[in-house]
Amino acid sequence: MENERGKADPHLVVIGGGITGLTTAFYAIRQAKAEGLGLKVTLIEGSERLGGKIRTMRRDGFVIERGPDSFLARKRPIIDLSRELGLAEELVTLNPATKKTYILRGGKLHRIPPGLVLGVPTEWKPFVTSGLIGLSGKLRAALDWVLPAARGDADESLGGFLRRRLGDQVVDFVAEPLLSGIYAGDADKLSLLATFPQFRAAERKYRSLMIGLGRGAGATRSGAAGEDHIPPHARGSAFLSYRRGLSALVERLSETLQAEGAVLLTGEPVRAVTPERGGGAVVTLANGDALLADAVAVTTPVSALGELLQGVPEASLFRDMAYASVANVVLGYRRDAIRVPLDGAGFVIPRTEGRFITACTWTSEKWLHTAPRENVLIRCYVGRIDDERWRTMDDAALGAAVKREVAELIGIDVEPEFLDITRLEKSMPQYEVGHLDKVRALRDALMKKAPGVFAAGAGFEGVGLPDCIHQGKQAAEQAVAFTRRRSEA
């Protein structure tokens, strides 16, 4: 395709068909149109399907998420994208009747006390009366009100920061299972600045972490956020999903991209990205085919960057990045077979309990759209960075281990109507201390050594869907701006 000056339209190649790559392609086309620019977009995905970890199974009235199951409502990028794709009316909220969530402690389920913000207590009375931690742990946490704020800007571990402010018991029995569950990681290795920088900001501004978070400082990485951006019917819920599951987002993005003329290639692994002098790159596929690109957005797992970008040594900074492997085990039951109350959203399990599963969601109670009323859907999570026993088990052994713990912990000892297992190998990137320094080093190197090549995705600045969408939009804006400057030169 040529533009009005007789030149070929610039070509953007997006590598990776997960949510970051799909969003990059979508916003690049949208931005180019808004600026009156022609732009050819090719998206290349190495596997046979688009969507990355997002994968919804729909069967017999069930909506079963085999990857992520929801997203934070307060994070605007995914709400904006939903509107732009015409999906806003499909947003669904948590069941307001299931406000209880539990933590396993000493083999018993304890209700999480009201007033916890990201695992940090902000209301004293519910915290004091909770049986989750002992008196000494509560007294230690109270020191947060008088301890001075730390000085300096150096990164530290998330666990180290919370232990310094709140003590070991709050971290081990409350904060760690709630926070590190997001990454399936070890809080004492995860980077504070790469995971929850708002904690550092709250400490600096209010001195007390509990006071700061109680005043809204920890709502997002950048501060408090209201609900004005959320459609009225979806307000009042901390998490949201879509009536047909998260795959509705992938499907709509794919349909829109094809309608806009984008080329979507699946089952085509990329072997190398070779920067061209003056900008752009040659993208070589595993089958030997090569595409000339004016700009490239790489949204693959960051551990693959070193192999793809051999001309940029800094890409190898992530070669040995740790990834946690996890599994999801979904159990479906007839409701009349369940003899125990499921009076909440589910529970999380501290690593100190030594259990096989790490969390359990009573999915059909938490999300009313996920199962027919006569059925119950339960989803259990297995695996974290220091416990991957499940990887040596076949499906029969893995399912049996999960059913055994479900029987022990919540009393469901009947056989499920069905059981579905999803294995997510190396799916959770670990942002260890110093992570953001590596990200900056890579992006600086790309500007100098590979102009027109951009990198984004869960391995950089946020693993949640809204974070990936935000990064995809940024990559799209950068790529379009680069191609515009290059075509005008």
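Numbering-wise (the UniProt record's numbering), the sequence shown opens with residue 1 and increments by one.
By construction, the Cβ of each residue, glycine as well, lies at the ideal position given by its N, Cα and C atoms.
VAL329 sits in a strand when the DSSP states are folded into three classes. Taking 9 Å as the cut-off, the beta carbon of LEU209 is found closer than this to the beta carbon of ASP144. With respect to the C-alpha of ARG351, the residue from ARG140, ASP186, LEU465 having the closest C-alpha is ASP186.
Per the Cβ contact rule, the region 80-91 is not in contact with the region 47-59 (fewer than 3 Cβ pairs under 8 Å).
Listed in chain order, the non-local C-beta contacts of ARG140 below 8 Å within the same chain comprise LEU166, GLY167, ASP168, GLN169, VAL170, local neighbours out to five positions each way being set aside.
DSSP, read as helix, strand or coil, puts GLY160 in helix.
Taking one beta carbon from each stretch, the region 173-182 and the region 107-122 have 3 or more pairs nearer than 8 Å; the two touch. Unbroken beta strand (DSSP E) stretches of 3 residues or longer found wholly inside the region 399-474: 418-429, 453-455, given in chain order.
Around the beta-carbon of VAL146, fewer than 16 other beta-carbon atoms lie within 10 Å, marking it exposed. In the three-state scheme derived from DSSP, where H, G and I count as helix and E and B as strand, ALA295 is classed as strand. In chain order, PRO275, VAL312 place their CB closer than 6 Å to the CB of ALA450, counting only its own chain and leaving out the 5 sequence neighbours on each side.
In this structure, THR256 lies near LEU85, with their beta-carbon atoms less than 9 Å apart. Here DSSP, grouped into helix, strand and coil, assigns LEU192 to helix. By the C-beta density criterion, THR93 is buried, having at least 16 other C-beta atoms within 10 angstroms. If you look at THR358, you'll find it in the beta strand (DSSP E) that goes 357-361. It is roughly 11 Å from the alpha-carbon of THR422 to the alpha-carbon of GLY399. SER191 is the residue among ASP172, TRP390, SER191 whose C-alpha sits nearest the C-alpha of LEU158.
By the C-beta density criterion, THR363 is buried, having at least 16 other C-beta atoms within 10 angstroms.
Boundaries of the beta strand (DSSP E) harbouring TYR242: 239-242, taken from the DSSP string. Assignment of THR274 by DSSP, reduced to helix, strand and coil, places it in the strand class. In the DSSP assignment, LEU305 falls within the unbroken alpha helix (DSSP H) covering 305-308. Taking the Cβ atoms as the reference, SER303 lies roughly 20 Å from GLY51, outside the contact range of under 8 Å.
Annotation: ALA97 to ILE103 spans about 19 Å, alpha carbon to alpha carbon.
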